[in-house]
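Protein sequences appear in the order of chains A and B.
Everything in the first sequence is counted per the numbering used here, starting at 1 for the first residue and increasing by one.
Everything in the second sequence is counted per the numbering used here, starting at 1 for the first residue and increasing by one.
Written below as structure tokens is the structure these notes are about.
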Amino acid sequence: MVLETDMSAKGCVKSALNFTILAECRKSNARTGIMKLPHFDVDTPVFMPVGTQGSMKGILPEQLEELDYQIILGNTYHLGTRPGIDVIEKAGGLHKFMNWNRALLTDSGGFQMVSLLKLADITEEGVKFISPYNDMSSDPGKECMLTPEHSIEIQNVIGADIIMQLDDVVKTTTVGPRVEEATHRTSRWLDRCLKAHAHPERQNIFPIVQGGLDPNLRSLSAKMHAEREVNGYAIGGLSGGECKEDFWNMVHLCTKRKDEGKDVQPLLPKEKPRYVMGVGFAVDIVVCCALGVDMFDCVFPTRTAMRLMKSIRESIKADTFPEFVVGFMKCAHPSGEYPKWVLDSLSAVNIHLQKEEAGAS
Amino acid sequence: MKFVIDTISNSSLSRIGTLKNFHRLPQISFETPILFMYSKGGCIPHLTHDVLQYVSKEYQAIQVPLPSTISCHHPLTKSQEGIADFIGMREYLVYCSVQDPAIPSPAGYNTMDKVSIWCKSGKEHVDSDRYMDIMEAFKPDIYQCLGDGETNVDSTNKRIQKSIKRSLHMFHRCLERHKKSEALKNSAFIALLQGGYDVEERVNYAKEIAGSPIDGFVIDGLHDNSPGVEFFDFDKVKPIVTESVKEFPEDKLRIVHGCWSPETVLKLVELGIDAFDSSFPFAVTERGAALTFPYKASDVCDADVNHKVPVTEDFVKEEHSYEINLGDSKYTEDFQPILKDCQCLCCKKHTRAYINHLLLSKELLARVLLMM
Ligand SMILES: [Zn+2]
Numbered sequence: 001m002v003l004e005t006d007m008s009a010k011g012c013v014k015s016a017l018n019f020t021i022l023a024e025c026r027k028s029n030a031r032t033g034i035m036k037l038p039h040f041d042v043d044t045p046v047f048m049p050v051g052t053q054g055s056m057k058g059i060l061p062e063q064l065e066e067l068d069y070q071i072i073l074g075n076t077y078h079l080g081t082r083p084g085i086d087v088i089e090k091a092g093g094l095h096k097f098m099n100w101n102r103a104l105l106t107d108s109g110g111f112q113m114v115s116l117l118k119l120a121d122i123t124e125e126g127v128k129f130i131s132p133y134n135d136m137s138s139d140p141g142k143e144c145m146l147t148p149e150h151s152i153e154i155q156n157v158i159g160a161d162i163i164m165q166l167d168d169v170v171k172t173t174t175v176g177p178r179v180e181e182a183t184h185r186t187s188r189w190l191d192r193c194l195k196a197h198a199h200p201e202r203q204n205i206f207p208i209v210q211g212g213l214d215p216n217l218r219s220l221s222a223k224m225h226a227e228r229e230v231n232g233y234a235i236g237g238l239s240g241g242e243c244k245e246d247f248w249n250m251v252h253l254c255t256k257r258k259d260e261g262k263d264v265q266p267l268l269p270k271e272k273p274r275y276v277m278g279v280g281f282a283v284d285i286v287v288c289c290a291l292g293v294d295m296f297d298c299v300f301p302t303r304t305a306m307r308l309m310k311s312i313r314e315s316i317k318a319d320t321f322p323e324f325v326v327g328f329m330k331c332a333h334p335s336g337e338y339p340k341w342v343l344d345s346l347s348a349v350n351i352h353l354q355k356e357e358a359g360a361s
Numbered sequence: 001m002k003f004v005i006d007t008i009s010n011s012s013l014s015r016i017g018t019l020k021n022f023h024r025l026p027q028i029s030f031e032t033p034i035l036f037m038y039s040k041g042g043c044i045p046h047l048t049h050d051v052l053q054y055v056s057k058e059y060q061a062i063q064v065p066l067p068s069t070i071s072c073h074h075p076l077t078k079s080q081e082g083i084a085d086f087i088g089m090r091e092y093l094v095y096c097s098v099q100d101p102a103i104p105s106p107a108g109y110n111t112m113d114k115v116s117i118w119c120k121s122g123k124e125h126v127d128s129d130r131y132m133d134i135m136e137a138f139k140p141d142i143y144q145c146l147g148d149g150e151t152n153v154d155s156t157n158k159r160i161q162k163s164i165k166r167s168l169h170m171f172h173r174c175l176e177r178h179k180k181s182e183a184l185k186n187s188a189f190i191a192l193l194q195g196g197y198d199v200e201e202r203v204n205y206a207k208e209i210a211g212s213p214i215d216g217f218v219i220d221g222l223h224d225n226s227p228g229v230e231f232f233d234f235d236k237v238k239p240i241v242t243e244s245v246k247e248f249p250e251d252k253l254r255i256v257h258g259c260w261s262p263e264t265v266l267k268l269v270e271l272g273i274d275a276f277d278s279s280f281p282f283a284v285t286e287r288g289a290a291l292t293f294p295y296k297a298s299d300v301c302d303a304d305v306n307h308k309v310p311v312t313e314d315f316v317k318e319e320h321s322y323e324i325n326l327g328d329s330k331y332t333e334d335f336q337p338i339l340k341d342c343q344c345l346c347c348k349k350h351t352r353a354y355i356n357h358l359l360l361s362k363e364l365l366a367r368v369l370l371m372m
């Protein structure tokens, strides 16, 4: 009896993320679903506009709701600098501070730091940087350290529904032992982040798959992260000027269900949402959806992008996604000359642009 | 347009009236005293049409100053639509003015029959005929007559004389065109009353035009449209307004423009002025501040007409107690709304701390929220 009570009590604990796949494409890995988060239910595939400093280009939260944005992204580094974590804490979190009642996602702050601050130095401890800001909490020129624990502590205060682990960022095109170091360090940091996490019942840490453009390291990173108890995954380090061939292959590596004709378990489990960071072009989004990605972010939110996501979701539900992709690519490349990477990536998931078109006509 | 006086106060000259019978918007009427919503280039600054709907679903009357819209003339000559359609404000009442009440224009460029209009591309000289051509293309619901209002409290008698002579000349020419105009037959015609700070000249000017078929008048030539108008000495303005108003029939709409402080606006209402513009809240927004007095128009008017509550004196005593500078660091952790119990969207949903953050981060949303 006691055991049973215990069990049911456990069952009552609301998970901070509940992902339900509503429909899958008959050919590709595309899927559409609902990601239930503490603040809002998000329809996937979804695209998350970036509200760097807790607002979006002069648009009111009410308007964002009307535009049907279900989740938006805040930058931890910027928010930590201004208004500062103290203020956000006193406001009761970012949701309350900016009066946004739907879902939020924050990054770890590390990427911004490495890309904005030339002096950032990465050690096993964390990201070391020289504070460029003259605010009350830190003197300009003072050496500071962003550790995995600190990043999570800040993100716990901000209170977003999805938070990102601090990862060891290397330039996408870096090769050699540094990539291997970063891959392993990212996993070690993931464990530190998970350990430091104060609100697992209402916030989800997403690990970030690293590994540069090395298929072995990518697979290794994905496998290591898949073993952790988390509710979703991000694929990182892929928006830094790598060639498209490498880009889609690295995504595909993490999500593919067939390898040389044989059915395999995808490295990133199918039942959990997948987020490719920093991918915002329409063609890239369509390809990634076909590969089985569920979440995207973009600095340039447009009505067009929102419409695109809606069309993708609806076509998967109607089981017409392959046809949608063919039509979309035809519009994007009216000459009919498709880039090789588009043809290759789509045929890897059974959408054969030229053949389908010939079949259709 | 028809202007009807509904109530006149027993204790002051203030009055409540109704503007109605607009040909283009027959179902709409406005209660006076009224604030024309200030616009620039056809937009309410910082507020898109969508956001405007959040501010109020009620119909508004907007002021469309010529300097930021003169470039619309060319495209509109080829079309039948007026300026209201062109700027996407079809459902709003449009009132065209010669100058921008929130932007001072360089003085000294007007001539006998031409007024200089300072637009983006520089200075445009507009004479009565060109002006009336523009108005015929714009087809506003209400519009001002052209005039030289370039006088202020420091103007010499010579400058005042010039302004009077030029403005009268333009008044007669514009009115002549107005009477014959097919395109403007349904537009209300507003005269500009000149005379600087010379009461006698004001009265003479008023007598000169009061008998003409005008729908209302602006007491023009009081200032240079700069934000400094807020600090003007009301005692200097008072005799001008008091004496000018007397000369006109009661049913003429009385307008004063510029970013007067709220207490001056209330005092002008007591002198019987019916219409103003929102350049003051705009100026406050531009300096990153917010107004914190209860602003429901009906409250102020009822109080004013029925039983004279000394609202104005309170304002004067604590100068600027109604304005807070939200960029100040003391608001960084102030999680109150701008104004407690205010029912506007900004106050219902956002805090001083958030707006402070947006201002410091130079986010566009800061000015959107302040302007609302
Ligand atoms: Zn308010």
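Beta carbons are placed, not taken as given, at the ideal position from N, Cα and C, and that holds for glycine.
Item: Between the Cα of B/R24 and those of B/N186, B/Q99, B/S97, B/E150, spot the shortest distance and give me the residue it belongs to.; Value: B/N186
Item: At a CB-CB cut-off below 9 Å, which residues of chain B make contact with A/R82?; Value: H357, L360, S361
Item: For a test of the three-state rule: what should DSSP assign to A/D41, helix, strand or coil?; Value: strand
Item: In the structure shown, what three-state DSSP assignment does A/R102 receive?; Value: coil
Item: CA-CA distance, B/I16 and B/T7?; Value: 5 Å
Item: So, is A/L22 buried or exposed, given that buried needs 16 or more other C-beta atoms within 10 angstroms?; Value: exposed
Item: Between which residues of its own chain and A/W189 is the CB-CB distance below 7 Å, once the five residues before and five after are set aside?; Value: P148, Q165, L166, D167, D168
Item: What are the start and end residues of each continuous beta strand (DSSP E) run of 3 or more residues lying completely inside the segment 46-105 of chain A, in chain order?; Value: 46-49, 71-74
Item: Using a Cβ cut-off of 7 Å, pull out every chain A residue sitting near B/H350, in sequence order please.; Value: N99
Item: Counting only Cβ pairs nearer than 8 Å, list the residues of chain A close to B/V51.; Value: L60, Q63
Item: Using the three-state DSSP reduction, which class does B/C301 fall into: helix, strand or coil?; Value: Unreliable placement is indicated for B/C301, whose pLDDT of 41 sits below 50; the coordinate value is still reported in the next sentence. Residue state, collapsed to three classes: helix.
Item: Got a sec? Which residues, its chain only, sit under 6 Å from B/C119 by beta carbon, not counting five neighbours each side?; Value: P67, I70
Item: In angstroms, rounded to a whole number, what distance separates the CA positions of A/Q63 and A/N75?; Value: 21 Å
Item: Give the residues of chain A in contact with B/F335, contact being defined as C-beta atoms less than 8 Å apart.; Value: K90, A91
Item: Please enumerate, following chain order, all residues with a beta carbon closer than 6 Å to at least one heavy atom belonging to ligand 1.; Value: B/I338, B/L339, B/C342, B/C344, B/C346, B/C347
Item: List the residues that DSSP assigns as beta-bridge partners of B/C119.; Value: B/G122
Item: Please state whether the Cβ-Cβ distance between A/V286 and A/V325 is less than 8 Å.; Value: yes
Item: Where does A/Q203 fall in DSSP's three states?; Value: coil
Item: Less than 8 Å between the C-beta atoms of A/I152 and A/A103, yes or no?; Value: no
Item: Could you name the residues of chain B that A/Q53 contacts, counting a contact when the two beta carbons are closer than 7 Å?; Value: S361, E363
Item: Taking the C-alpha atoms as reference points, what is the distance between B/P106 and B/S128?; Value: 20 Å
Item: Which residues in chain A have a C-beta closer than 9 Å to the C-beta of B/K131? List them in chain order.; Value: In the sequence as presented, Lys is not what sits at residue 131 of chain B; that position holds Tyr. Ordered by position in chain A, no residue passes the 9 Å Cβ test against B/Y131, which lies about 35 Å from the chain.
Item: Expressed to the nearest angstrom, what Euclidean distance is found between the alpha-carbon atoms of B/Q63 and B/P249?; Value: 24 Å
Item: Considering only their Cβ atoms, is the gap separating B/S167 from B/G196 smaller than 8 Å?; Value: no
Item: Based on Cα-Cα distance, which residue from A/A91, A/G212, A/L291 lies nearest to B/I355?; Value: A/A91
Item: Whole beta strand (DSSP E) runs in the segment 182-263 of chain B with 3 or more residues, listed along the chain?; Value: 188-193, 216-219, 253-255
Item: Compute the Euclidean distance between the alpha carbons of B/H257 and A/K96, then round it to the nearest angstrom.; Value: 40 Å
Item: Taking Cβ positions only, does B/T332 come closer than 8 Å to chain A?; Value: yes
Item: With a threshold of 16 other CB atoms inside 10 Å of the CB of B/K139, please say whether the residue is buried or exposed.; Value: buried
Item: Do A/D161 and A/P273 have their CB atoms nearer than 8 Å?; Value: no
Item: In chain B, which residues lie less than 7 Å from A/K195 when you measure between Cβ atoms?; Value: Within chain B, no residue comes near A/K195; the closest Cβ sits about 31 Å away, beyond 7 Å.
Item: Write down every uninterrupted run of the alpha helix (DSSP H) in the segment 119-203 of chain A whose length is 4 residues or greater and which is fully enclosed by it, in chain order.; Value: 148-158, 177-196
Item: Considering Cα atoms alone, identify which of A/M329, A/S28, A/D43, A/C193 is closest to A/I34.; Value: A/D43
Item: Which residues share a DSSP beta bridge with B/Q144?; Value: B/I190
Item: Could you tell me whether any Cβ in chain B is nearer than 8 Å to the Cβ of A/V87?; Value: yes
Item: Just the C-alpha distance for B/R130 and B/C347, rounded to the nearest angstrom, thanks.; Value: 45 Å
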